[in-house]
Amino acid sequence: MKRQLLYFIAKLLWFVPDTIILRIYYAIKMHRRLNLYHPKRYSEAIQAYKAFYRNKDMLPCVDKYLVRQYVTDKLGTDKYLVPLYQICDNASLIQFDTLPSQFVIKTTDGGDGKNVLICRDKSKLNIQKCMQEVNSWRNKRYDIISREWAYKGARQSKVIVEQLLESDENSDGSIDDYKFLCFDGQFKYLWIDKDRYSNHRRGFWDKDFNFLSDVSSDWPTFSAGEEPALPANINEMRDVAEQLATGFPFARIDLYNIKGKIFFGEITFYPWSGFIQYHPDSFDFELGKHFNLDFIKRR
210 MKRQLLYFIA KLLWFVPDTI ILRIYYAIKM HRRLNLYHPK RYSEAIQAYK AFYRNKDMLP
270 CVDKYLVRQY VTDKLGTDKY LVPLYQICDN ASLIQFDTLP SQFVIKTTDG GDGKNVLICR
330 DKSKLNIQKC MQEVNSWRNK RYDIISREWA YKGARQSKVI VEQLLESDEN SDGSIDDYKF
390 LCFDGQFKYL WIDKDRYSNH RRGFWDKDFN FLSDVSSDWP TFSAGEEPAL PANINEMRDV
450 AEQLATGFPF ARIDLYNIKG KIFFGEITFY PWSGFIQYHP DSFDFELGKH FNLDFIKRR
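Numbering (our numbering), first residue to last: 210 to 508.
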């Protein structure tokens, strides 16, 4: 209910300039003033990215259907794409009878890891409730709500149904999520989310794939020596991430690795919309050092 109220208020304030709204959001969420024109922190640079950076190539990247063609064009192959079952204007048009027992339903304009329905057994799925829930996710307009400009490219919300990726490595049925932070097309940091549905942990690695045991965010990290081993083809994953991130001051490229096979997850330009506290706080500044801010028109 609180989230719906925030959406409603944000839409009412659509006419207020981004520079004003972002300062208000930042003060509320981060409990400090936003240095928008001379950001030092990564969390501040993301706000400037939202307010000032405009690149039409970002627009298809945030649409979960259109990005498939973007990835294919960038990499010259579609082998990293998760198999697609259906694309529909709304969930009421999903042909459930043609789907396998397991699948994933997403809205093409979803963000922040939300708006995803995982079906592990179609025979137990309440299809009517499923359609209502998925349709309620459509047209959230993140370009207005959180002032994330790139989401203007996902204004025509559709629904996609994809293959469910599974791994026997995690007991809770989740798959490890590899998130490559790239600045000007260069990989600088990696974080991995593991056991998302049970004992969620998030660890950070540097560009040389050294585990940073002293860095964490909003989930516990791994104890030193207990961090997961990186895949044998981690360098290929890095290369894929850098190719997809080329042309943008910053992009987070999300990939999966299932028994040595790499799958593309998504491209994110505004992780957590920039509102995240790092531990130690100095890591926010460290990330900020890599952000090319030439797009800001200084006052």
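A virtual CB, placed ideally from N, CA and C, is assigned to each residue, including glycine.
Could you check what DSSP says for Q295 in three-state terms: helix, strand or coil? Strand at Q295.
Burial state of D503 (16 or more Cβ within 10 Å): Result: exposed.
Please report the residue range of the alpha helix (DSSP H) in which V449 lies. Note, V449: alpha helix (DSSP H), 443-454.
Any chance you could list the beta strand (DSSP E) runs of at least 3 consecutive residues sitting entirely within the stretch 337-407, in chain order? Counting only runs of 3 or more, we get 368-371, 386-392, 395-403.
Does the stretch 328-343 come into contact with the stretch 275-293, if we say contact requires no fewer than three beta-carbon pairs (one atom in each stretch) closer than 8 Å? They do not touch, by the three-pair rule.
In angstroms with no decimal places, state the Cα-to-Cα distance between P437 and T430. As the crow flies, the alpha-carbon of P437 is around 11 Å from that of T430.
With C-beta atoms as the reference, is K249 less than 7 Å away from F494? Yes, these two residues count as a Cβ contact at 7 Å.
Quick check on this structure: which residue in F217, F500, L268 has the alpha carbon closest to the alpha carbon of F396? Cα-wise, what sits closest to F396 is F500.
Using a Cβ-Cβ cutoff of less than 6 Å, which residues in the same chain neighbour T477 once the five nearest sequence positions on both sides are dropped? The residues are R461.
So which of Q452, L374, G456 has the shortest CA-CA distance to K265? The shortest C-alpha separation from K265 is found at G456.
Using DSSP with H/G/I as helix, E/B as strand and the rest coil, what is L464? L464 falls in the strand class under three-state DSSP.
Name the one or two DSSP bridge partners that F457 has. Under DSSP, F457 forms no beta bridge with any residue.
Might you give, ordered along the chain, the residues of its own chain that have their beta carbon closer than 6 Å to the beta carbon of Q372, omitting 5 neighbours on each side? Excluding its 5 nearest sequence neighbours in each direction, Q372 has C-beta neighbours in its own chain below 6 Å: V291, P292, listed in chain order.
Using only CA atoms, which one of Y289, D287, Q304, K288 lies nearest to Q295? Among Y289, D287, Q304, K288, the Cα nearest to that of Q295 is on Q304.
Those runs of the beta strand (DSSP E) which lie wholly inside the stretch 306-332 and span at least 3 residues: Whole beta strand (DSSP E) segments, 3+ residues: 312-316, 325-328.
Quick one, are the C-beta atoms of R347 and S332 less than 7 Å apart? Contact annotation: R347 and S332 have beta-carbon atoms that are not nearer than 7 Å.
Count the other C-beta atoms from every protein chain shown that fall within 10 angstroms of the C-beta of I233, then say buried if there are 16 or more, exposed otherwise. With fewer than 16 other CB atoms across the displayed protein chains lying within 10 angstroms of its CB, I233 is exposed.
What do you reckon, are the CB atoms on A260 and T228 nearer than 7 Å? Contact flag set, yes.
Measure from the alpha carbon of A454 to the alpha carbon of each residue in N344, D282, I218, then state which is nearest. Looking at the Cα atoms, D282 is the closest of the given residues.
Nearest by alpha-carbon distance to L245: which of F418, I237, L231, W481 is it? Minimum Cα distance to L245 is reached at L231.
What number of angstroms, rounded off, separates the C-alpha of N344 from the C-alpha of F312? Computed Cα separation, rounded: 17 Å.
Could you give the distance in angstroms between the alpha-carbon of W400 and the alpha-carbon of N408? Each residue's Cα considered, the two are about 16 Å apart.
Please state whether the Cβ-Cβ distance between I369 and K315 is less than 7 Å. The answer is yes: Cβ separation under 7 Å.
How far does the beta strand (DSSP E) with T477 in it reach, from first residue to last? That run of the beta strand (DSSP E) goes 470-477.
Spatial neighbours of L496 within its chain, please: CB distance less than 6 Å, with the 5 preceding and 5 following residues excluded, ordered by chain position. By the criterion of a C-beta distance shorter than 6 Å, L496 is surrounded in its chain by Y251, once the five residues flanking it on both sides are discounted.
Within 7 Å, strictly: CB atoms of F484 and K220: No. Outside cutoff.
According to the neighbour-count rule (16 or more other Cβ atoms, all chains shown, within 10 Å of its Cβ), is P489 buried or exposed? Exposed.
If we require 3 or more residues per run, which beta strand (DSSP E) segments fall completely within the stretch 255-279? Here no run is fully enclosed.
Since I believe V449 is in contact with L464 (beta carbons under 8 Å), could you give me their beta-carbon distance rounded to a whole number of angstroms? Between the beta-carbon of L464 and that of V449 there is about 7 Å, and that keeps the pair under the 8 Å contact cut.
Could you spell out the range, first to last residue, of the alpha helix (DSSP H) harbouring G497? Per DSSP, G497 belongs to the alpha helix (DSSP H) from 491-497.
Sort out for me which residues DSSP pairs D227 with in a bridge. Answer is none; D227 lacks a bridge partner.
To the nearest angstrom, report how far apart A441 and N419 are at their CA atoms. In a straight line, the C-alpha of A441 is about 15 Å away from that of N419.
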